[in-house]
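**Q**
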Amino acid sequence: MTVHADLEKWWEHRSEDERANLKQAARQAWLDGPTFKLLFDTRCPDLPVTTQWRDQVTPASPWPSRLRAFIGAQD
-10 MTVHADLEKW
0 WEHRSEDERA
10 NLKQAARQAW
20 LDGPTFKLLF
30 DTRCPDLPVT
40 TQWRDQVTPA
50 SPWPSRLRAF
60 IGAQD
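Residue numbering for the sequence shown follows this note's numbering, beginning at -10 and increasing consecutively.
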């Protein structure tokens, strides 16, 4: 499977509330802590790689461009 196909499958399993929250968050340049947690908890296939888990993402964590573009393109 390609990353895009994996993202499509992952997106299909998101609730309407999760989708709405992700779409709103993707409009921002920076990835906030609650959004990162949602991506992590739902095992997003294009999750930013980290070496350790932290409760919050630093304010300087940009969205992965491929993931942000994918979410922004969803209806």
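No residue lacks a Cβ here, since even glycine has one placed at the ideal position from N, Cα and C.
Got a sec, what are the start and stop residues for the alpha helix (DSSP H) Pro23 sits in?
**A** Here residue 23 corresponds to residue number 34 of the sequence shown, with the count starting at 1. 22 to 30 is the span of the alpha helix (DSSP H), which, as asked, contains Pro23.
**Q** Quick one: residues in its chain with C-beta nearer than 7 Å to the C-beta of Arg57, no 5 flanking neighbours on either side, listed in chain order?
**A** Along the sequence shown, one-based indexing puts residue 57 at 68. Around Arg57: Ala15.
**Q** Can the beta-carbon of Val(-8) be found less than 8 Å from the beta-carbon of Asp30?
**A** Here residue -8 corresponds to residue number 3 of the sequence shown, with the count starting at 1. Here residue 30 corresponds to residue number 41 of the sequence shown, with the count starting at 1. Taking 8 Å as the Cβ cut-off, Val(-8) and Asp30 do not qualify as a contacting pair.
**Q** Give the DSSP-derived three-state secondary structure of Trp52 in the structure shown.
**A** For this step, residue 52 is matched to residue 63 along the sequence shown. Correct three-state label for Trp52: coil.
**Q** Counting along the chain, where does the alpha helix (DSSP H) carrying Trp(-1) start and finish?
**A** By one-based count along the sequence shown, residue -1 stands at place 10. Per DSSP, Trp(-1) belongs to the alpha helix (DSSP H) from -8 to 1.
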